[in-house]
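Here the structure is laid out as structure tokens; the discussion comes afterwards.
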Amino acid sequence: MEHSTWQQYEDDMFRYIVHYTITESFGRGHYLTTKYSDLNICAKVYRDIRRESPNRRVLVYAVCQPPNRQLTVSLPIAEDKLP
248 MEHSTWQQYE DDMFRYIVHY TITESFGRGH YLTTKYSDLN ICAKVYRDIR RESPNRRVLV
308 YAVCQPPNRQ LTVSLPIAED KLP
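Per this note's numbering, the sequence shown starts with residue 248, numbered consecutively.
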């Protein structure tokens, strides 16, 4: 499938979400990733983390598995897009 813009690419990928993750960076390639099947729960955990410690480096990702790819694609979800 051809995509004219990055928005079209993202919109297409978001149709094939298989789960969500919260990934926290601890520096120099050290990460902790936790998987969630429900975006609402994932968003709540993310907000709890940010409220407890605003300087922690955490991101929410949508892990997508489009039918035309063998590997998953992880796309960050902006904080203002979380429920």
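Think of the CB as a built atom: it goes at the ideal place given N, C-alpha and C, for glycine as much as any other residue. Note that the coordinates shown come from a computational prediction; the quantities given were computed from them, not determined experimentally.
- prompt: DSSP state of Y308, grouped into three classes?
  reply: Start at 1 with the first residue of the sequence shown, and residue 308 comes out as number 61. Note: Y308 maps to strand in three-state DSSP.
field: Residue nearest to R294 in terms of C-alpha spacing, selected from D327, Q255, M260
entry: As a first step, residue 294 is located in the sequence shown; it is residue number 47 there, counting from the start. For the residues D327, Q255, M260, the minimum Cα distance to R294 belongs to D327.
Beta-bridge pairing of E271 - partner residues as DSSP gives them: Within the sequence shown, residue 271 is the residue found at index 24, counting from 1. Answer is L279, V305.
field: Proximal residues to L279 (C-beta, below 6 Å), its chain only, five neighbours per side dropped
entry: To locate residue 279, count along the sequence shown from 1; it is residue 32. These residues qualify, in order along the chain: E271.
- prompt: How would you call I288, buried or exposed, if buried means at least 16 neighbouring beta carbons within 10 angstroms?
  reply: Here residue 288 refers to the residue found at position 41 when the sequence shown is read from its first residue. Its Cβ having fewer than 16 others within 10 Å, I288 is exposed.
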